[in-house]
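Report on one structure; see the data block that follows.
There are 2 protein chains.
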Amino acid sequence: MEKLLVFGHQNPDTDAVTSAISFAHYLNQMGVEAEAVALGEVNEETDFALRHFEADFPRVITTASNEVSAVALVDHNEFQQSVSDISNLEVKYVVDHHRISNFETANPLYYRAEPVGCTNTIIYKLFKEAEIAIPSQIAGLMVSAIISDTLLFKSPTCTGEDIKAAQALAELAELDLEAYGLELLKAGTALENKSNEA
Amino acid sequence: MEKLLVFGHQNPDTDAVTSAISFAHYLNQMGVEAEAVALGEVNEETDFALRHFEADFPRVITTASNEVSAVALVDHNEFQQSVSDISNLEVKYVVDHHRISNFETANPLYYRAEPVGCTNTIIYKLFKEAEIAIPSQIAGLMVSAIISDTLLFKSPTCTGEDIKAAQALAELAELDLEAYGLELLKAGTALENKSNEA
Ligand SMILES: [Mn+2]
Ligand SMILES: [Mn+2]
Ligand SMILES: [Mn+2]
Ligand SMILES: [Mn+2]
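As you go down the protein sequences, you meet chains F and B in turn.
If you read the first sequence in UniProt numbering, its first letter stands for residue 1, the second for the next number, and so on.
If you read the second sequence in UniProt numbering, its first letter stands for residue 1, the second for the next number, and so on.
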């Protein structure tokens, strides 16, 4: 199979950016060539998380069909939140925790949605199901997204599965969840144009 | 949570009928009250499978909102293939192996699609992931659907996962896969109005 690009929604938040990184890693481990990219510059919270775990910043794209014919969407499914040329691409995978709307495909695909607080909570389950080890750096990025989307477990969308995943990921990343969580959210509040979209 | 009705598409085939039965059993084991129903009378192939495993025939419904407010769709997602009052219902779960089209929800949901030959292949994976034992009768119905949708592994949509699931399910049901498979498909060929839809 030809290489896939993996990306979250436009105006990316921490879950959009890091779920592309974690799901691309998952696909690579499953033998599928995939590169995580982003549909915009990272915000200050995500900048903090990427620097904290010494991760590479994803390449920013505005179109994908000039590079690939197939893509994986994370943390979104609605075409108007996706890459500008989404209609010219085959969506092979979706991993998301939002309602489904303005989305359709010509062919069968892999679609995994669960009503949890964060896309990375679902990706954590994918790693577990496939018995693939999560590297410490990726675990740190994944737990950052769960903290961000659930406001450190205080949002009404937070579920028991989010808390369980965050605790396991914090252990893998050797993090103090409460202390790091407050630091991360504080880094984010500097941002004026913060989106309400999880 | 209030009771869910679980059903496959209109003009039900063996996968539509039996994936409702197997997924309702899975939901019940997960603590979710669910009843498998069908959107039409079963065809001759499905009749053969239900009788062979001494299973109850599902109740046929034409509307659901008079009974419940939420439903689970199996083996389909397109609203025009679903229950007539689908727009008045909350879709809480979908398990399917078709393209996504004419489907949308107001709220986040559980959606599990994979590009495999049969919905019951995916449901087999759900049981495995949750470590829930599959009763022999339900295993027999599930393998019947895989045989039906893949024409005993000869269809172009058949994947290695379908074959693996069918072999494991045949063992649970104490079936000779080849002999039973030919019998099942033969029972189905008596039917004139057989649909091409998997
Ligand atoms: Mn998001
Ligand atoms: Mn999210
Ligand atoms: Mn079908
Ligand atoms: Mn089917």
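No residue lacks a Cβ here, since even glycine has one placed at the ideal position from N, Cα and C.
Quick caveat, the model's predicted, so the values are computed rather than measured.
Chain B residues whose Cβ lies nearer than 9 Å to that of A106 (chain F):
R99 and S101
Where the beta carbon is closer than 5 Å to any heavy atom of ligand 1, which residues qualify, in chain order? F:D13, F:D15, F:A16 and F:D75
Give me, in chain order, the residues of the same chain whose beta-carbon lies closer than 6 Å to that of A139 (chain B); leave out the 5 immediate sequence neighbours on both sides. L169, L172 and A173
Self-check item: Test: E129 (chain B) CB closer than 9 Å to a CB of chain F
Solution: yes
*asked:* My assumption, with CB atoms under 8 Å, is that V83 (chain F) sits in contact with T119 (chain F). Please give the rounded CB distance.
replied: About 17 Å separates the two Cβ atoms, so there is no contact after all.
- prompt: Are the C-beta of S111 (chain F) and some C-beta of chain B separated by less than 9 Å?
  reply: Looking at the sequence itself, residue 111 (chain F) is Tyr, so the reference to Ser does not match. Yes, Y111 (chain F) counts as interfacial toward chain B.
Measure the alpha-carbon distance for N193 (chain F) versus K186 (chain F) and round it to whole angstroms. Because the pLDDT at N193 (chain F) is just 47, under 50, the model does not fix this residue reliably, and the value given afterwards should be weighed accordingly. Each residue's Cα considered, the two are about 15 Å apart.
### Message
Assuming residue 251 (chain F) is part of the alpha helix (DSSP H), what are its boundary residues?
### Response
No statement about residue 251 (chain F) is possible, as the shown extent of chain F runs from 1 to 198 and does not include it.
key: Whole-angstrom distance between N43 (chain F) and L191 (chain F), CA atom to CA atom   = The predicted position of L191 (chain F) is uncertain, since its pLDDT is 48 and thus under 50; no value can be drawn from it.
Point to revise | Endpoints, alpha helix (DSSP H) assigned at L5 (chain B) | key: No alpha helix (DSSP H) contains L5 (chain B), which is instead part of the beta strand (DSSP E) from L4 to F7.
Query raised in the report: If we cut at 9 Å on Cβ distances, does E161 (chain B) have a partner in chain F?
Result: no
- request: Kindly list the residues whose CB is nearer than 6 Å to the CB of F153 (chain F), restricted to its own chain and excluding five residues on each side of it in sequence; keep chain order.
  value: I163
#### Entry: Outcome for G188 (chain F) when other beta-carbon atoms lying within 10 angstroms are tallied against a minimum of 16
buried
At a Cβ threshold of 9 Å, is P135 (chain F) touching chain B?
-> no
Task: Partner residues on chain B for P115 (chain F), Cβ-Cβ distance less than 7 Å - done: P108, L109 and Y110
| message | For Q10 (chain F), which residues in the same chain have their Cβ closer than 7 Å to its Cβ, ignoring the five residues on either side in sequence? | response | L39, G40 and Q81
When the cut-off is 9 Å and only beta carbons count, does I138 (chain B) lie next to chain F? no
Practice task
Would you mind listing the beta strand (DSSP E) stretches within the stretch 19 to 103 of chain F that are 3+ residues and don't spill past its ends, in chain order?
Solution key: 34 to 38, 70 to 74 and 90 to 96
field: Cβ-Cβ distance between F7 (chain F) and V71 (chain F) below 9 Å
entry: yes
Discussion item. Tell me the rounded alpha-carbon separation between L184 (chain F) and F57 (chain F).
Written reply: 17 Å
- Task: To the nearest angstrom, report how far apart E33 (chain F) and K3 (chain F) are at their CA atoms.
- Result: 5 Å
- Using a threshold of 8 Å, is the CB atom of H97 (chain F) nearer than that to any non-hydrogen atom of ligand 2? yes
DSSP has residue 206 (chain F) in a bridge; who is on the other side? Since the displayed chain F opens at 1 and closes at 198, residue 206 (chain F) lies outside it and no answer follows.
query: Span of the alpha helix (DSSP H) holding S144 (chain B)?
result: S136 to T150
Do the CB positions of L5 (chain F) and I61 (chain F) come within less than 9 Å of each other?
-> yes
- Query: What's the C-alpha gap between P156 (chain F) and V116 (chain F)?
  - Reply: 10 Å
Review point. Roughly how many angstroms lie between the CA atoms of E67 (chain F) and L73 (chain F), to the nearest whole one?
Key: 16 Å
Any idea what DSSP makes of A130 (chain F), helix, strand or coil?
helix
In whole angstroms, give me the CA-to-CA distance for R99 (chain F) and G181 (chain B).
39 Å
Inter-residue Cα distance where the pair is E161 (chain B) and K125 (chain F)
19 Å
* To do: Evaluate the contact criterion for the stretch 45 to 59 of chain F versus the stretch 17 to 35 of chain F: three or more CB pairs, one atom per stretch, below 8 Å.
  => yes
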